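Structure first, commentary second.
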Amino acid sequence: MTGGGLAGARRLVIKIGSSLLVGRDGTINRPWLTALSEDIAACRRRGINMIVVTSGAIALGRRHLQLPDGPLRLDEKQAAAASGQIRLAHAYQEALAEHGMSVAQVLLTLDDSDNRRRYLNARNTLETLLKLGAVPVINENDTVATQEIRFGDNDRLAARVAQMVGADALVLFSDIDGLYTADPRRDENARFIPEVRELTAEIEAMAGDPGSALGSGGMVTKLQAARIALAAGCRMAIAPGKPLHPLRAIEEGGRCTWFEASQEPLTARKQWIAGAVQPQGRLVADAGACRALLQGRSLLPAGVAAVDGDFQKGDAVIVVNGDGRPVARGLSAYSSDDARRIIGSKSGDFEGRLGYRGPDEMIHRDDLVIET
0 MTGGGLAGAR RLVIKIGSSL LVGRDGTINR PWLTALSEDI AACRRRGINM IVVTSGAIAL
60 GRRHLQLPDG PLRLDEKQAA AASGQIRLAH AYQEALAEHG MSVAQVLLTL DDSDNRRRYL
120 NARNTLETLL KLGAVPVINE NDTVATQEIR FGDNDRLAAR VAQMVGADAL VLFSDIDGLY
180 TADPRRDENA RFIPEVRELT AEIEAMAGDP GSALGSGGMV TKLQAARIAL AAGCRMAIAP
240 GKPLHPLRAI EEGGRCTWFE ASQEPLTARK QWIAGAVQPQ GRLVADAGAC RALLQGRSLL
300 PAGVAAVDGD FQKGDAVIVV NGDGRPVARG LSAYSSDDAR RIIGSKSGDF EGRLGYRGPD
360 EMIHRDDLVI ET
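Per numbering that gives the first Met the number 0, the sequence shown starts with residue 0, numbered consecutively.
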């Protein structure tokens, strides 16, 4: 997707920070959320699938639990998140229901995106919710996270979600209107950067020292999010979030910084599968299945003659022909044990052999690359 604003987007992830959604009094900023919901509804009417990554649970929960001002211990943050999360989800449900939209709450941790099996399950859940017309509202699962496995901020979580669902665009709403050559609050000569096509060392230096007030949890994490998004073929914007109707402002040409991806999401995903995933097993495909793969089709269990190795659902595997020559590689929708139970069979037989009805494909074409 090229061009200004959100033109051409089919799937959009937006990230909302606590300071935008929750007022100083610890309650939901209703006028702002109402305006955002109108923007989301307008995008949906144009056929854009919307995913919201939101903060705010801890800020809401600490007020209701009457926790003191100032830094909280980890256990206090988790308690606040547990109390605030239900209020956060309810606020989104109320606001979006005014436009006939259903909300689905999804809680994720860093481990969910690093562990291939949980990653695949999370991705499948999000894909199903989008197909059913729901708006997934995602937050980090603070109630079970530890300091060692936390994202630390929802900028990177949003980028991981965009990567997970193959989003076209990611928008990080911020208290600043984009990237500058220096901190504009401290340097009157700081220049605004409207577009970034490559994350060079010079660009990253503009974020400031990670240990500084600006860098910690600020622009540094946004550039880290940009690196994740761009590698997935997803363009990203840093945009001002405080005014009402922040999405509408972007569409009307409002000031923000766009980070442009050089490849489409599916291409980037397949490049990742081809070069960055270590195969854990091998599937031997018959001649008909090999021809189907070369024609761009998925690998079906009916076309698999043998399974080698020990792997889990979501792991990478090599697909070989009868002579043992590699034909493709991809992410298996089944573990090796389950795959052995259904090879050579049609989808109608899966439930009887497995005890559940899984995907029709052993490897979906979107999760498969041809060996060259």
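All C-beta atoms in this analysis are idealised placements derived from N, C-alpha and C, irrespective of residue type, glycine included. The structure displayed is predicted, hence computed values, not measured ones.
Closest Cα partner of residue i within the set the options
| i | options | result |
| --- | --- | --- |
| residue 39 | 61, 99 and 24 | 99 |
| residue 14 | 224, 62, 42 and 30 | 224 |
| residue 44 | 107, 87 and 132 | 132 |
| residue 103 | 31, 304, 125 and 330 | 125 |
| residue 334 | 177, 347, 353 and 90 | 353 |
| residue 26 | 47, 50, 49 and 64 | 64 |
| residue 8 | 73, 161, 62 and 314 | 161 |
| residue 331 | 194, 303, 348 and 31 | 303 |
| residue 94 | 46, 55 and 35 | 35 |
| residue 327 | 336, 358, 301 and 272 | 272 |
| residue 60 | 22, 50, 30 and 336 | 22 |
| residue 274 | 371, 134, 30 and 72 | 371 |
| residue 367 | 136, 159, 5 and 325 | 325 |
| residue 18 | 56, 350, 89 and 159 | 56 |
| residue 195 | 217, 349 and 221 | 221 |
| residue 32 | 295, 198, 197 and 92 | 92 |
| residue 108 | 295, 157 and 347 | 157 |
| residue 159 | 359, 336, 12 and 323 | 12 |
| residue 261 | 198, 290, 242 and 323 | 198 |
| residue 4 | 54, 358 and 257 | 257 |
| residue 83 | 290, 54 and 365 | 54 |
| residue 336 | 296, 347 and 361 | 361 |
First and last residue of the uninterrupted alpha helix (DSSP H) at residue i
| i | result |
| --- | --- |
| residue 280 | Element bounds for residue 280: not the alpha helix (DSSP H) but the beta strand (DSSP E), 280–284. |
| residue 245 | 245–250 |
| residue 84 | 73–96 |
| residue 200 | 200–204 |
| residue 20 | 17–20 |
| residue 342 | Taken as a continuous stretch (DSSP letters only), residue 342 belongs to no alpha helix (DSSP H), as it is neither H nor E. |
| residue 350 | 349–353 |
| residue 99 | From DSSP, residue 99 is part of no alpha helix (DSSP H); its letter is neither H nor E. |
| residue 62 | 56–63 |
Test item: CB-CB of residue i and residue j under 9 angstroms
| i | j | result |
| --- | --- | --- |
| residue 140 | residue 52 | no |
| residue 338 | residue 282 | yes |
| residue 278 | residue 255 | no |
| residue 37 | residue 244 | yes |
| residue 264 | residue 166 | yes |
| residue 87 | residue 138 | yes |
| residue 58 | residue 20 | yes |
| residue 201 | residue 234 | no |
| residue 10 | residue 129 | yes |
| residue 227 | residue 155 | yes |
| residue 298 | residue 329 | yes |
| residue 292 | residue 341 | no |
| residue 85 | residue 176 | no |
| residue 163 | residue 116 | no |
| residue 192 | residue 171 | no |
| residue 345 | residue 305 | no |
| residue 16 | residue 174 | yes |
Distance between beta carbons of residue j and residue i, contact taken as under 8 angstroms
| i | j | result |
| --- | --- | --- |
| residue 310 | residue 318 | Actually they do not touch by this definition, with Cβ atoms about 13 angstroms apart. |
| residue 246 | residue 42 | 7 angstroms |
| residue 285 | residue 321 | 7 angstroms |
| residue 313 | residue 280 | About 12 angstroms separates the two Cβ atoms, so there is no contact after all. |
| residue 398 | residue 219 | Residue 398 is absent from the structure shown; the chain starts at 0 and stops at 371. |
| residue 49 | residue 134 | 5 angstroms |
| residue 71 | residue 79 | 7 angstroms |
Those residues which DSSP pairs with residue i across a bridge
| i | result |
| --- | --- |
| residue 173 | 239 |
| residue 10 | 48 |
| residue 234 | 168 |
| residue 179 | 191 |
| residue 258 | 195 and 235 |
| residue 298 | 362 |
| residue 27 | 21 |
| residue 127 | In DSSP, residue 127 forms no bridge with anything. |
| residue 220 | Answer is none; residue 220 lacks a bridge partner. |
| residue 266 | None, per the DSSP bridge assignment. |
| residue 53 | 15 |
Limits of the beta strand (DSSP E) - the one that residue i falls within
| i | result |
| --- | --- |
| residue 305 | 303–308 |
| residue 327 | 325–330 |
| residue 139 | 134–139 |
| residue 367 | 367–369 |
| residue 106 | 102–107 |
| residue 317 | 315–319 |
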